[in-house]
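K.L.:
Numbering (full-length UniProt numbering), first residue to last: 1 to 611.
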Amino acid sequence: MLRGLFLGLLGMVVLGTRVGAEVERDLSIDFLLSPAETLYHDDGTPESYEGTWDAMCERMPAPSSTPYPFDIIAVRWNAFDTSSFTFHIWGDDGAGGLPGTSLFSQVVNPPSSGWFEITISPPVTIADGFIYIGCLTAVGIGFDETDPDSNQAYWDYGLGWEPIWWTGPYGDFLIRAIIEPTPLQNDVGVVEIVVPDTLINPHEPLDPKAIVQNHGVLDQDSFPDLCTIDSAAINIYADIESVFALASGETTTVIFPTWTPGGPGNLYEVSICTDLTGDELPQNDCLGRSFRTILHDGGVDAILQPPDTVFIDLGYYPVATVHNYGNVPESLEVICAIDSYEDTFHVTGLAPAASLPCTFGVWQVPIADSTLYQMTVASVVIGDSNAANDTLSKVIFAYNPHDVGVDSILSPPDSIDPDSAYSVTVLATNFGEVTEDSFWVKCIVDDGYIDSLEVFGLDAGTSDTLDFALWTPISLGPWTMCVYVLLPFDRNVVNDSLCVMIYEMVGVEESSRTPMPKVFALLQSRPNPFAPATTILYQIPAGEDVNVSLRVYDVSGKLVRTLVDKTECPGYRSVVWDGRDGSGKTVAGGIYFYRLRAGHFTSTRKMVVIR
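1. Looking at the structure shown, is Val493 part of a helix, part of a strand, or coil, going by DSSP?
2. Taking C-alpha atoms, which residue in Gly599, Met607, Arg597 and Gly571 lies nearest to Ala588?
3. Taking its Cβ as the centre, do 16 or more other Cβ atoms sit within 10 Å of Glu342, making it buried, or is it exposed?
4. Buried or exposed for Ile416, please, with buried defined as at least 16 other CB atoms from any protein chain shown within 10 angstroms of its CB.
5. Taking its Cβ as the centre, do 16 or more other Cβ atoms sit within 10 Å of Phe456, making it buried, or is it exposed?
6. Which residues in the same chain as Met516 place their Cβ atom closer than 8 Å to its Cβ, once the five residues preceding and following it in sequence are excluded?
7. Give me the residue from Ile312, Ser271, Leu314 and Pro202 with the minimum Cα distance to Ile211.
8. Look at the alpha carbon of Val485 and the alpha carbon of Ile536, and state the distance between them as a whole number of angstroms.
9. Output needed for Leu470: all residues of its chain with C-beta closer than 8 Å, excluding positions within five of it in sequence on either side, in chain order.
10. What residue range does the beta strand (DSSP E) around Tyr592 cover?
11. Between Asp308 and the rest of its own chain, which residues show a CB-CB distance below 8 Å, the 5 nearest in sequence each way excluded?
12. Buried or exposed for Glu330, please, with buried defined as at least 16 other CB atoms from any protein chain shown within 10 angstroms of its CB.
13. Going straight from the alpha carbon of Ile240 to that of Val124, what length do you get?
14. Please indicate yes or no: does the CB of Met516 lie closer than 8 Å to some heavy atom of the ligand COA?
15. So what's Asn547 in DSSP terms, helix, strand or just coil?
16. Quick test of your reading: Pro352 and Asn327, contact by CB under 8 Å. State the CB separation rounded to the nearest angstrom.
17. Going by the CB atoms, is the gap between Asp297 and Asn186 shorter than 9 Å?
18. Going by the CB atoms, is the gap between Asp225 and Val195 shorter than 9 Å?
19. Check whether the Cβ atoms of Gly579 and Gln524 sit closer than 9 Å, and answer yes or no.
20. In the DSSP output, what is Glu342 paired with across the bridge?
21. Tell me the DSSP secondary structure of Gln283 in three-state form.
22. Going by DSSP, what residue range makes up the beta strand (DSSP E) through Ala428?
23. Alpha carbon to alpha carbon, how far is Pro306 from Val322?
24. With which residues is Pro357 paired in a DSSP beta bridge?
25. Locate the beta strand (DSSP E) running through Glu436, then write down its first and last residues.
26. In whole angstroms, what separates the C-alpha of Val493 from that of Lys585?
27. What number of angstroms, rounded off, separates the C-alpha of Tyr110 from the C-alpha of Phe87?
28. Flag this pair as yes or no: are the beta carbons of Cys273 and Val377 separated by less than 9 Å?
29. Per DSSP, which one or two residues make a beta bridge with Pro224?
30. Okay, do the region 282-290 and the region 234-250 touch, 3+ Cβ pairs below 8 Å being the bar?
31. Could you check what DSSP says for Asn389 in three-state terms: helix, strand or coil?
32. Check the Cβ-Cβ distances between Pro401 and every residue of chain C, and say whether any is below 9 Å.
33. For Val437 and Leu458, what's the separation of their Cα atoms in angstroms?
34. Pull up the distance between the alpha-carbon of Val107 and that of Asp93, whole angstroms please.
35. Could you say which of Val546, Asp581 and Thr119 lies nearest to Thr567 if we only look at CA atoms?
36. Could you tell me the alpha carbon to alpha carbon distance between Asp230 and Asp275, rounded to whole angstroms?
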């Protein structure tokens, strides 16, 4: 089987003198070809090649920048055991660019398994084209692509035949060589662009600057250097400066006349080239790079919190996302303002194209029902170039979600026997939109009876039956019984109390009555969210007829449609809203509010349209 794998060249020869000793030879590396590796020429120039470990063969085309002629003086080899093999170098003059003329052949006896060095003596000089390096494990068998697979095998990798190693005792292993250039007589080039850097200040004059080196053996008396700057593929700057008396191996700094860039964020291409007559390696004459003028641009991307609708007397943490639209790290001051509230968030070192959520201090919503607030978040960047994205605003609607009330007094009845004791039972309802953790309900009779109960955890839209202490009248009737709910910030005081007259029983009570509501109420629409229509329920208690209006508003407070606007008598009512505005157009999906006004009673609820 194959006894070794070629790795790479280690040095070069100049005028018969070996100068490759400065190349570091790390023989401890096991798999330098899996999957990629970088070797360095004697002058420090890197050359990359890639391994195809899955195919167990390597492709190493000669770099296009390598000049001719060049010398091969040594290779590194990985031996699997100490069995001898024949090491070969062929030219590429065979049919179709395959190995042809044998340039070097030597029987090798590895000192041990692992990496070792094979010295090529005398050095092999290559005038042009590629070369192949490989080994044959069967002494006396040369490379012949017409041999049957039993004698050799190779892998077609696009650029040439590269045999694989597991094909039996006669399997050849071939690879194109990494090549080392010999020093040239006349060779200068740009080794570094010092100015401009990749980022420069807009409108600030600068002097383009580059470092030029004489790579050749001969000293150079003079040669010109050209600097060009392009923008959007259009040349906007060009100048030539000359270098004088540059000795072999020496460098010098070339400074070009002043150039002034444009405004922030402009993209440019700079190219600086040497132009030595008779230069033997034009590939290293030029260097170029892209560069931009510095752009400071920070902006507000989104407002994440609070939501568009909030509850009064609750605290919310405003959150907004800022973005660095510029091309340098930025420090920003981010300011959030809501009515009289204001807070600042400090951002440091935000990378270009990066975003960051900013959480501000808590905003306590004022106790003002059905109020609109303007929220604005602004970013402040020193030297900001784009004010259009600096601020972002939205409208917040705040309303009171707290509304509990006395729904009805279930007992005692309207007429009683004054000599008896009666249970006092009351139905309390949470007409609001949040769970009420606790509130008190008090019952008072004008003959001196007083009792109170505390209600815990009453969910929105639910009721609780409350049983007070027994009541025994201690005076002659009639009596007035009043029940009160005591909830801080209750939005609807109209349903907070209910009073009834109780009479002494003097005859047979009517067995049937028409039920009538005892309090004003606006109930939650059903369904909610909805599409395409929802039903809104409300009730008017017994008493006089009242003027009733029921209107729908969007989150900005704009009237969308009037559903009811007339005088109505007591009773239970329902209205269907079909999701259209006053002109008959279908409204967009989102949050809407409906408000009932009936006499002195006002109540607002939220509903959501989905599309």
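Backbone N, C-alpha and C fix where the C-beta goes; we use that ideal spot for every residue, glycine too.
P.N.:
According to the data block:
1. helix
2. Met607
3. exposed
4. buried
5. With fewer than 16 Cβ atoms within 10 Å of its Cβ, Phe456 is classed as exposed.
6. Pro541, Ala542, Pro570 and Gly571
7. Ser271
8. Distance between the alpha carbons of Val485 and Ile536: 25 Å.
9. Correct list, in chain order: Ala421, Tyr422, Ser423 and Val424.
10. Gly590 to Ala598
11. Lys394, Val395, Ile396, Phe397, Val555 and Ile591, listed in sequence order.
12. buried
13. Ile240 and Val124 have their alpha carbons spaced roughly 42 Å apart.
14. Summarising the ligand content, the structure contains no ligands, and the ligand COA is consequently not present.
15. strand
16. 5 Å
17. no
18. no
19. no
20. Ala337
21. Of the three classes helix, strand and coil, the one that applies to Gln283 here is helix, per DSSP.
22. Tyr422 to Asn430
23. 16 Å
24. Thr321
25. Glu436 to Val445
26. In a straight line, the C-alpha of Val493 is about 36 Å away from that of Lys585.
27. One detail in the question is off: residue 110 reads as Pro in this sequence, not Tyr. Distance between the alpha carbons of Pro110 and Phe87: 11 Å.
28. no
29. Ser242
30. Contact between the region 282-290 and the region 234-250 is absent, because fewer than three Cβ pairs lie under 8 Å.
31. helix
32. In the displayed structure, chain C is absent; only one protein chain is listed.
33. Here the sequence assigns Asp to residue 437, which means Val is not the residue at that position. Going from the Cα of Asp437 to the Cα of Leu458 covers about 7 Å.
34. 23 Å
35. Val546
36. 19 Å
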